[in-house]
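Residue numbers (this note's numbering): 71 to 531.
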Amino acid sequence: MRTELCRLLRNPDVLGVALRAEVRFCGRAPMCIKGIATDSREVCAGDLFVALKGEHTDGVLHIGEALRRGAGGLLVPTGTPLPAGDLVAYFVPSVEQALLAAAAYRRGALGGRVIAVGGSVGKTTVKEAVTRVLAACGEVRCNEGNYNSSVGMPLSLLSMEDAPHLVLELGINHPGEMAALSRALAPDLALLLNVGCAHIGNFQSRDELIHEKLQIAAGLRTGGALLLPDTLCGAETGARILRVGKGQEADFRAENISVAKKGTVLDIRCGDRVITKLAWPIPGESGVNTLAFVASVGMLAGCSDDAIRQGLRVAGQYTPRMRRVRAGTRLLLDDTYNAAPESVLAALETLVHTANGRPAVAVLGDMLELGKFSDALHGTVGEAAANSGICALFTCGTRAEDIAKAARRAGLSQVQSFAEEDIEALAEAICRTTPPDAVILFKAAHRMMLGRAVAAVRRLV
71 MRTELCRLLR NPDVLGVALR AEVRFCGRAP MCIKGIATDS REVCAGDLFV
121 ALKGEHTDGV LHIGEALRRG AGGLLVPTGT PLPAGDLVAY FVPSVEQALL
171 AAAAYRRGAL GGRVIAVGGS VGKTTVKEAV TRVLAACGEV RCNEGNYNSS
221 VGMPLSLLSM EDAPHLVLEL GINHPGEMAA LSRALAPDLA LLLNVGCAHI
271 GNFQSRDELI HEKLQIAAGL RTGGALLLPD TLCGAETGAR ILRVGKGQEA
321 DFRAENISVA KKGTVLDIRC GDRVITKLAW PIPGESGVNT LAFVASVGML
371 AGCSDDAIRQ GLRVAGQYTP RMRRVRAGTR LLLDDTYNAA PESVLAALET
421 LVHTANGRPA VAVLGDMLEL GKFSDALHGT VGEAAANSGI CALFTCGTRA
471 EDIAKAARRA GLSQVQSFAE EDIEALAEAI CRTTPPDAVI LFKAAHRMML
521 GRAVAAVRRL V
């Protein structure tokens, strides 16, 4: 992970204050720190190398490589021995806490409105769409890709120059992370899109996960607001809450919803204001949720109806979800970006809408970080797949075998399972046994790299 530093923090002294570090200038230390990198292989000349300790390695072991690549600074734990060289060293008790401190420092110097986007699924899609809508109302900046963790969010913020609007994702996978992220970011507006089962294996219960997600409001600035789904009950955060959804009590209510194979169209009502015919290219509940939250932000930001419509049209062309790929006469829906139980169920709904009478086929792989809930949740997906209207199911991976077993128990006869390494055999089976006009969904956890199967099918047809 690497990004450029904003102009303010390129000054080594200012960066030291932001990091709350003990600063040591060695040799002919650089007068400017250009970028910040957590991977020594990505270091560019003049960068600050962040020596994080991970599950499999310790960044301190890669200091030498970072310096050979031209690093001008090091962020290291207190007491780390330094090699000889021309550099500036920042010593801190905790590298991750130092990054959060620097993010808070940067936030304090920003004058723009900060929007935090959280939730179990759909964060990147909504963040990108919100960015496109707000761009019609003035300059806006957002985090790259899905840089949303306790490391990724600070790096994103440290790179940002000031703008009227800044949009950042906040992602967590362990208890105790969200409040620290929110306090460092101090958002003016926080969105919690949903609470599903992603990463639930690291929590004792869904209630604990919901409580953790709601901590996105912990750092809200005075006068800020938290946007929640109107279906999320019992939320006690102390923040001003605005509800988004289809219910009569929603502050931002989706109405006149139309779902067809080409996408979702609806109106949004807030008080006396109604924006009509908002469109998103993905059919189903995920499309409704995206439209409702993005339009809500646009309305709160003072964007015109036309600006919101146009921003959504542009954003729909770049969504990372449900990428449509032609493979001969078959249509492949590449949604291998990631997977959690709720997002798989939504993808199955989208698949059937998109197929619109053509044969619908699902290729599903392992969902990860579900812990003790894994067997049951994979089984729930399998049962839902069998009842979704698809004609055939292929699974890939060890955990996904539970999807296949549940689908067979629920009455789906055409089910085939493959090991994670058998991508070629999987692709051959898809090409051999599915109808030539099939619409085929591919979805799994990102680490399963199921996109290899999409490429193999395209190669074989």
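C-beta atoms are modelled at their ideal positions from N, C-alpha and C, and glycine is treated no differently.
**Item:** Same chain, Cβ closer than 6 angstroms to A249, five either side skipped, listed in chain order
**Value:** Along the sequence shown, read from residue 1 onward, the residue named residue 249 stands at position 179. Only residues of its own chain outside the window of five on either side were considered, and among them Q285, A288 have a CB closer than 6 angstroms to the CB of A249, listed in chain order.
**Request:** Find out if the Cβ-Cβ distance for the pair L440, A455 is shorter than 8 angstroms.
**Result:** In the sequence shown, the residue the question calls residue 440 occupies position 370. In the sequence shown, the residue the question calls residue 455 occupies position 385. No, the Cβ-Cβ distance between L440 and A455 is not below 8 angstroms.
**Message:** Which same chain residues end up closer than 6 angstroms to L137 when comparing Cβ atoms and leaving out the 5 residues on each side of it in sequence?
**Reply:** The residue labelled residue 137 in the question sits at position 67 within the sequence shown. Counting only Cβ-Cβ distances below 6 angstroms, and skipping sequence neighbours, we find G155.
**Request:** Can you check DSSP and say which residues form a bridge with T292?
**Result:** In the sequence shown, the residue the question calls residue 292 occupies position 222. The partner list for T292 (beta bridge, DSSP) is empty, contrary to what the question assumes.
**Message:** Relative to the C-alpha of A515, which candidate in Q486, D404, V146 has its C-alpha closest?
**Reply:** On the sequence shown, residue 515 is found 445 positions in, with the first residue counted as 1. Comparing Cα positions, the closest option is D404.
**Prompt:** Quick one: is V344 buried, meaning 16 or more other Cβ sit within 10 Å of its Cβ, or exposed?
**Reply:** Your numbering for residue 344 matches position 274 in the sequence shown. The residue in question, V344, is exposed, as its Cβ has fewer than 16 Cβ neighbours within 10 Å.
**Asked** Would the beta-carbon of C76 fall within 8 angstroms of that of L169?
**Response** The count along the sequence shown starts at 1 and reaches residue 76 at position 6. The count along the sequence shown starts at 1 and reaches residue 169 at position 99. Not a contact, by the Cβ cut-off of 8 angstroms.
**Prompt:** Whose C-beta lies closer than 7 angstroms to the C-beta of G498 among residues of the same chain, with five residues either side of it excluded?
**Reply:** In the sequence shown, the residue the question calls residue 498 occupies position 428. Before going further, note that residue 498 is Glu rather than Gly in the sequence given. Non-local beta-carbon contacts of E498 in its own chain, meaning distances under 7 angstroms to residues more than five positions away in sequence, involve L530 in chain order.
**Item:** Entirely enclosed alpha helix (DSSP H) segments - the stretch 231-289, minimum 4 residues
**Value:** 248-255, 276-284
**Request:** Compute the beta-carbon to beta-carbon distance between A199 and A417, rounded to the nearest angstrom, for a pair I have assumed lies under 8 angstroms.
**Result:** Residue 199 sits at position 129 when you count from the first residue of the sequence shown. Residue 417 sits at position 347 when you count from the first residue of the sequence shown. The Cβ separation is near 18 angstroms, so there is no contact.
**Prompt:** Of the choices A186, G372, E247, whose alpha-carbon is the least far from that of R291?
**Reply:** Residue numbering aside, residue 291 sits at position 221 when the sequence shown is read from its first letter. The shortest Cα separation from R291 among A186, G372, E247 belongs to A186.
**Request:** Please confirm if the stretch 132-146 is in contact with the stretch 208-219, defined as three or more CB-CB distances below 8 angstroms between the two stretches.
**Result:** no
**Request:** Starting from F161, trace the alpha helix (DSSP H) both ways and give me its first and last residue.
**Result:** The sequence position of residue 161 within the sequence shown is 91, counting from 1. First-last for F161: 157-162, but that is the beta strand (DSSP E), not the alpha helix (DSSP H).
**Message:** Assuming contact is defined by CB atoms lying nearer than 8 angstroms, are G116 and G140 in contact in what I supplied?
**Reply:** In the sequence shown, residue 116 corresponds to position 46, counting from 1. In the sequence shown, residue 140 corresponds to position 70, counting from 1. Yes; because the gap between Cβ atoms is below 8 angstroms, this pair is in contact.
**Item:** Residue of K193, N408, A430, G354 minimising C-alpha distance to E556
**Value:** As shown, the chain starts at 71 and ends at 531. That puts residue 556 outside it, with no answer to give.
**Neighbour-count burial assignment, L131, 16 or more Cβ in a 10 Å radius** = Mapped onto the sequence shown, residue 131 falls at position 61. It counts as exposed.
**Message:** In whole angstroms, give me the CA-to-CA distance for D445 and A409.
**Reply:** Here residue 445 is taken as the residue at index 375 of the sequence shown, counted from 1. Here residue 409 is taken as the residue at index 339 of the sequence shown, counted from 1. Here the alpha carbon of D445 sits roughly 15 angstroms from the alpha carbon of A409.
**Message:** Strictly by DSSP, which residues pair up with Q486?
**Reply:** Taking the sequence shown and counting its residues from 1, one reaches residue 486 at position 416. Looking at the DSSP assignment, Q486 forms a beta bridge with F464.
**Item:** Length-filtered (3 minimum) beta strand (DSSP E) runs lying within the stretch 381-415
**Value:** 393-397, 400-404
**Asked** Under 8 angstroms, do P366 and V329 count as touching if we go by C-beta distance?
**Response** Here the question's residue 366 lines up with position 296 in the sequence shown. Here the question's residue 329 lines up with position 259 in the sequence shown. One point to set straight first is that residue 366 is Ser, not Pro, in the sequence displayed. Going by C-beta atoms, S366 is not nearer than 8 angstroms to V329.
**Asked** How big is the Cα-Cα spacing for L240 and F488?
**Response** Counting from one through the sequence shown, the residue named residue 240 turns up at place 170. Counting from one through the sequence shown, the residue named residue 488 turns up at place 418. Cα to Cα, the separation comes out at about 34 angstroms.
**Message:** Nearest by alpha-carbon distance to G467: which of E490, V113, F443, G182 is it?
**Reply:** Here residue 467 refers to the residue found at position 397 when the sequence shown is read from its first residue. Per the Cα distances, E490.
**Item:** Proximity winner among R253, G427, I242, F322, relative to F273 (alpha-carbon distances)
**Value:** Residue numbering aside, residue 273 sits at position 203 when the sequence shown is read from its first letter. Looking at the Cα atoms, I242 is the closest of the given residues.
**N-terminal and C-terminal residue of the alpha helix (DSSP H) that P224 is part of** = For this step, residue 224 is matched to residue 154 along the sequence shown. Its alpha helix (DSSP H) spans residues 222-229.
**Request:** Select from V509, I460, V146, I327 the residue whose C-alpha is nearest the C-alpha of R394.
**Result:** Position 324 of the sequence shown, counting from 1, holds the residue named residue 394. Among V509, I460, V146, I327, the Cα nearest to that of R394 belongs to V509.
**Asked** With a CB to CB cut of under 7 angstroms and the five nearest residues on each side skipped, what residues in its chain are close to E471?
**Response** Position 401 of the sequence shown holds residue 471. Counting only Cβ-Cβ distances below 7 angstroms, and skipping sequence neighbours, we find T465, S487.
**Asked** Can you tell me where the alpha helix (DSSP H) with F363 in it begins and where it stops?
**Response** Taking the sequence shown and counting its residues from 1, the one referred to as residue 363 is at position 293. F363 -> alpha helix (DSSP H) spans 355-370.
**Prompt:** With distances taken between CB atoms, is the gap from V203 to N264 smaller than 8 angstroms?
**Reply:** Within the sequence shown, numbered from 1, the residue matching residue 203 stands at position 133. Within the sequence shown, numbered from 1, the residue matching residue 264 stands at position 194. No, Cβ-Cβ distance for V203 and N264 is not below 8 angstroms.
**Request:** Return the CA-CA distance between P411 and L118, expressed in angstroms with no decimal places.
**Result:** On the sequence shown, residue 411 is found 341 positions in, with the first residue counted as 1. On the sequence shown, residue 118 is found 48 positions in, with the first residue counted as 1. Each residue's alpha carbon lies about 39 angstroms from the other.
**Asked** In or out: E319 buried (at least 16 other Cβ within 10 Å) or exposed?
**Response** As a working note, residue 319 is residue 249 in the sequence shown. Exposed is the call here.
**Message:** Strictly by DSSP, which residues pair up with C102?
**Reply:** On the sequence shown, position 32 is the one that residue 102 refers to. C102 is not bridged to any residue.
**Prompt:** Can you tell me the Cα-Cα spacing of L225 and M71, whole angstroms?
**Reply:** Your numbering for residue 225 matches position 155 in the sequence shown. Your numbering for residue 71 matches position 1 in the sequence shown. C-alpha separation (whole angstroms): 9 angstroms.
**Prompt:** Any idea if H269 is buried or exposed, counting beta-carbon neighbours within 10 angstroms, 16 or more meaning buried?
**Reply:** As a position in the sequence shown, residue 269 is number 199, starting the count at 1. When all chains shown are included, H269 counts as buried.
**Given L157 as reference, the closest of R183, K104, K193 once Cα atoms are compared** = Within the sequence shown, residue 157 is the residue found at index 87, counting from 1. Per the Cα distances, K104.
**Request:** Grab me the residues of C102's own chain with a C-beta within less than 7 angstroms of its C-beta, minus the 5 sequence neighbours each way, in chain order.
**Result:** Walking along the sequence shown from the start, residue 102 turns up at place 32. Cβ neighbours of C102 within its own chain (closer than 7 angstroms, five residues either side excluded): R80, G116.
**Message:** Please tell me whether A377 and V527 are closer than 8 angstroms, where the distance is taken between their beta carbons.
**Reply:** Here residue 377 refers to the residue found at position 307 when the sequence shown is read from its first residue. Here residue 527 refers to the residue found at position 457 when the sequence shown is read from its first residue. At a Cβ-Cβ threshold of 8 angstroms, A377 and V527 do not count as neighbours.
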